[in-house]
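Asker: My questions will all concern the structure given below.
Residue numbers (this note's numbering): 6 to 138.
Structure, rendered in structure tokens:
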């Protein structure tokens, strides 16, 4: 069951990484297109900074997702990476709960719940094969 929880969490974090990266990249384009000044800063600097943040955050979330997926496929606990994912997911759930609506909040809460299950699962037994043997 841990493998299923880690796979669900990995897919959820992968989707979050793609969405966050794309949304921030678009925001960077809007700042450049409308020459928006962020607290008096040069719009071109703000655009570059937000686009760099988009790439960095997107890549980090995708890498975290890949690490959780590898742990799931190897049927290992990956406690350190799961704890990192829990911290990241708590931040994402908070932002989703405040700003993005119930559907997004429910999806991020599902990922958080699967991560908690993966951390709290005490069984050291590897998952049984699907054939039932």
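No residue lacks a Cβ here, since even glycine has one placed at the ideal position from N, Cα and C.
Just mark residue 45 as buried or exposed, buried being the case when its beta carbon has 16 or more other beta carbons within 10 Å.
Answerer: By the 10 Å Cβ count, residue 45 comes out exposed.
Asker: Distance, Cα to Cα, residue 1 vs residue 49?
Answerer: What the structure shows of the chain is the stretch from 6 to 138, and residue 1 is not part of that stretch, so it cannot be assessed.
Asker: Residue 13: buried (16+ other C-beta within 10 angstroms of its C-beta) or exposed?
Answerer: Its Cβ being crowded by 16 or more others within 10 Å, residue 13 is buried.
Asker: Candidates 124, 125, 113, 121: which alpha carbon is nearest residue 17's?
Answerer: Of the candidates 124, 125, 113, 121, the one whose C-alpha sits nearest the C-alpha of residue 17 is 113.
Asker: Can you check which of these residues, 54, 90, 51, 31, is closest to residue 66 by C-alpha distance?
Answerer: Minimum Cα distance to residue 66 is reached at 90.
Asker: My assumption, with CB atoms under 8 Å, is that residue 69 sits in contact with residue 86. Please give the rounded CB distance.
Answerer: Their Cβ separation, rounded to whole angstroms, is 7 Å, which keeps residue 69 and residue 86 in contact under 8 Å.
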